[in-house]
Amino acid sequence: MSRINILNLYKTMLKESKKIPSYNFRKYALRRVHDGFKENKGLRDPDIISEKITECQRNLEIIKRQAIIGHLYNAEKLVIEH
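All residue numbers for the sequence shown refer to full-length UniProt numbering, where the first residue is 1 and numbers rise by one.
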């Protein structure tokens with residue numbers, strides 16, 4: 001997978017994370033995406049990179065499901081969200 005595709009995956013994960021309605025879950029997802037990509041920025045082994053990309057794609061599906069579930073069972077906003 002090329003650098004551009006990896007950056008697109010990163011941006012997509014951030015965009016989908018921002019759709020999560022719950023403040024705490026949204027912030028956690030954004031932090032995990034950011035930290036995960038930052039942690040693996042220096043990887044050079046193609047096999048490990050491929051594994052990490054597959055893991056990210058699975059996590060992207062989880063984030064999408066969490067956003068849908070969050071909208072189905074919407075809770076009241078927290079004080080810090082107002």
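All C-beta atoms in this analysis are idealised placements derived from N, C-alpha and C, irrespective of residue type, glycine included.
Fair warning: this is a prediction, and the values are worked out from it, not measured in the lab.
Please confirm whether residue i and residue j have their CB atoms less than 7 Å apart.
{"i": "residue 63", "j": "residue 22", "result": "no"}
{"i": "residue 67", "j": "residue 19", "result": "yes"}
{"i": "residue 40", "j": "residue 52", "result": "yes"}
{"i": "residue 14", "j": "residue 33", "result": "yes"}
Alpha helix (DSSP H) containing residue i: first to last residue?
{"i": "residue 61", "result": "46 to 72"}
{"i": "residue 39", "result": "23 to 39"}
{"i": "residue 84", "result": "No answer is possible for residue 84: the residues shown for the chain start at 1 and end at 82."}
When the Cα of residue i is compared with those of the options, which residue comes out closest?
{"i": "residue 10", "options": "58, 24, 80, 79", "result": "58"}
{"i": "residue 1", "options": "46, 79, 78, 71", "result": "46"}
{"i": "residue 70", "options": "12, 54, 25", "result": "25"}
{"i": "residue 38", "options": "77, 54, 7", "result": "7"}
Under 8 Å Cβ to Cβ from residue i, same chain only, skipping five residues before and after it: list those, please.
{"i": "residue 30", "result": "14, 17, 18"}
Which residues in the same chain have their Cβ closer than 7 Å to the Cβ of residue i, if we skip the five residues on either side of it in sequence?
{"i": "residue 4", "result": "none"}
{"i": "residue 49", "result": "43"}
Would you please verify whether the beta carbon of residue i is less than 7 Å from any beta carbon of chain B?
{"i": "residue 33", "result": "The structure shown has no chain B; it contains just one protein chain."}
Please work out which residues of its chain come closer than 6 Å, Cβ to Cβ, to residue i, disregarding the five sequence neighbours upstream and downstream, and give them in chain order.
{"i": "residue 56", "result": "9"}
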